[in-house]
Amino acid sequence: MNPSLEGPTLRLVTIPVSHYCEKARWALDRLQVDYVEEAHAPLFSRLATWQLGAGAQVPVLVTQTEVVADSTRILQYSDHVFASEHKLYPSDPDLRREVEELEELFDTRLGVSLRCWVYFHLLPQRELTLKMWCEGTPTLEQRLSRTLFPLTRQLITKALDVNSESEATAFNETKNIFEMVSQQLSDGRRYLVGNTFTAADLTFAALAAPVLMPKEYGVPLLEFEELPPEMAVRVAELQAMPAATYALRLFREERHNVQPTSANLQEAKQTT
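Here the sequence shown is numbered in the numbering used here, starting from 723 and rising by one per residue.
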């Protein structure tokens with residue numbers, strides 16, 4: 723193991739299915755950081771993060787000395803602290819600035835819009851939503867999530883402003899980002915910035931994953947055949963775009979191209 727990674731295991735607090743959590747999980751795996759994933763269902767994740775003084779959002783990385791909240795901060799922190807040949811941010815200042823600008827764009831527009839859009843279609847589907855939320859979480863939380871589902875659905879609908887008007891806006895925003903990325907790739911480049919895989923590539927692929935459903939995702943996602951018909955039509959539209967082909971290639975070629983040292987979710991469940 724890299725000497726800089728030795729020491730107590732780090733803890734990554736997540737909602738396993740969350741695309742922002744996949745972003746952090748992918749980065750830690752790529753940098754070969756030794757961590758344990760502490761998986762929670764919605765609502766229960768808030769209890770965990772509030773106890774850490776990290777607010778309500780996941781992911782949160784807990785180190786020996788720090789609590790690092792937000793997926794982008796986790797990427798930047800990990801890329802800086804842990805020695806690795808798989809750096810996510812270029813050393814060249816201009817390239818790094820370009821990577822950070824794209825990462826911010828994907829975080830604030832793609833990730834947010836796609837989350838709203840997916841919830842609009844899946845929240846009315848109780849069993850599908852519970853399947854998505856509870857994947858990899860402790861058994862007790864899975865049971866309580868069923869009981870608390872009406873409350874959780876109501877809170878998420880309000881917090882994320884999920885409604886028919888926001889659904890249309892969110893899909894258009896998502897499609898615009900896919901078109902932008904497709905256009906950027908039209909010159910034949912393999913990566914968005916420079917000649918190597920960076921945080922920009924990772925962020926786009928991870929945050930686009932809810933409609934791409936890659937097999938390499940950190941936890942099993944819903945199958946295309948399970949989606950509500952209206953949602954499936956839109957998902958197929960996005961999957962046909964060059965940006966989707968690129969993101970799926972990144973999952974195949976980059977998601978597990980280094981040996982991850984993370985503990986599996988079963989271990990996290992047993993220690994939760």
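Where is the CB? At the ideal position from N, CA and C, for every residue including glycine.
Treat the numbers as computed from the prediction; the structure is a model and nothing was measured.
Check your understanding: Where do the ends of the beta strand (DSSP E) carrying THR918 lie?
Key -> Along the sequence shown, read from residue 1 onward, the residue named residue 918 stands at position 196. Counting along the chain, THR918 falls outside any beta strand (DSSP E), and DSSP gives it neither H nor E.
Check your understanding: Using CA coordinates, which residue listed in VAL933, ALA962, GLU938 is at the minimum distance from PRO950?
Key -> Translated into the one-based positions of the sequence shown, residue 950 becomes position 228. Minimum Cα distance to PRO950 is reached at VAL933.
**Study point:** Simplified DSSP assignment, three categories, for ALA990
**Key:** As a position in the sequence shown, residue 990 is number 268, starting the count at 1. Only weak support is given to the placement of ALA990: the predicted model assigns it a pLDDT of 39, under 50, and the value that follows is read from those uncertain coordinates. The answer is helix: DSSP assigns ALA990 an H, G or I state.
Check your understanding: Quick one, are the C-beta atoms of SER813 and TYR742 less than 8 Å apart?
Key -> Taking the sequence shown and counting its residues from 1, one reaches residue 813 at position 91. Taking the sequence shown and counting its residues from 1, one reaches residue 742 at position 20. In this structure, TYR742 does not lie closer than 8 Å to SER813 by Cβ.
Review point. Is it true that the stretch 823-833 meets the stretch 774-786, where meeting means three or more beta-carbon pairs spaced less than 8 Å apart?
Key: no
Practice item. Could you tell me which residues DSSP puts in a beta bridge with ARG733? Key: Within the sequence shown, the letter at position 11 stands for residue 733. VAL758, VAL784.
Review point. Which partner residues does VAL790 have in the DSSP bridge list?
Key: In the sequence shown, counting from the first residue as 1, residue 790 sits at position 68. Paired residues: LEU783.
Check your understanding: Can you tell me the Cα-Cα spacing of ALA969 and ALA805, whole angstroms?
Key -> Here residue 969 is taken as the residue at index 247 of the sequence shown, counted from 1. Here residue 805 is taken as the residue at index 83 of the sequence shown, counted from 1. For ALA969 and ALA805, the distance between alpha carbons rounds to 26 Å.
**Study point:** C-beta contact flag for MET953 and LEU943 at 8 Å
**Key:** Translated into the one-based positions of the sequence shown, residue 953 becomes position 231. Translated into the one-based positions of the sequence shown, residue 943 becomes position 221. Not a contact, by the Cβ cut-off of 8 Å.
Check your understanding: To the nearest whole angstrom, what separates the beta carbons of HIS762 and ILE737, a pair I think is in contact under 8 Å?
Key -> For this step, residue 762 is matched to residue 40 along the sequence shown. For this step, residue 737 is matched to residue 15 along the sequence shown. 6 Å between Cβ atoms; contact.
**Study point:** Beta-carbon proximity list for ARG875, same chain, < 6 Å, skipping 5 on both sides
**Key:** Here residue 875 corresponds to residue number 153 of the sequence shown, with the count starting at 1. Cβ neighbours of ARG875 beyond the five flanking positions: LEU845.
Review point. Based on Cα-Cα distance, which residue from LYS745, ARG752, GLU901, TYR799 lies nearest to THR787?
Key: In the sequence shown, counting from the first residue as 1, residue 787 sits at position 65. Comparing Cα positions, the closest option is TYR799.
Check your understanding: With a CB to CB cut of under 7 Å and the five nearest residues on each side skipped, what residues in its chain are close to THR851?
Key -> On the sequence shown, position 129 is the one that residue 851 refers to. LEU844, LEU845, listed in sequence order.
Exercise for review: Please state if the CB of VAL735 and the CB of PRO781 are separated by a distance shorter than 8 Å.
Suggested key: Along the sequence shown, one-based indexing puts residue 781 at 59. Along the sequence shown, one-based indexing puts residue 735 at 13. Their beta carbons are under 8 Å apart, which means PRO781 touches VAL735 by this criterion.
Review point. Using DSSP with H/G/I as helix, E/B as strand and the rest coil, what is THR967?
Key: Position 245 of the sequence shown, counted from the start, is the residue given in the question as residue 967. Note: THR967 maps to helix in three-state DSSP.
Check your understanding: Got a sec, what are the start and stop residues for the alpha helix (DSSP H) HIS741 sits in?
Key -> Counting from 1 along the sequence shown, the entry for residue 741 is found at position 19. Segment 741-752, the alpha helix (DSSP H) holding HIS741.
Check your understanding: So LEU817 and VAL915 are in contact, right, with Cβ under 8 Å, and what is the actual spacing, rounded?
Key -> The count along the sequence shown starts at 1 and reaches residue 817 at position 95. The count along the sequence shown starts at 1 and reaches residue 915 at position 193. Yes, LEU817 and VAL915 are in contact; Cβ-Cβ is about 6 Å, under 8 Å.
Point to revise | CA nearest to the CA of LEU960, picked from TYR913, ASN894, GLY910, THR925 | key: Within the sequence shown, the letter at position 238 stands for residue 960. It is ASN894 whose Cα lies nearest to the Cα of LEU960.
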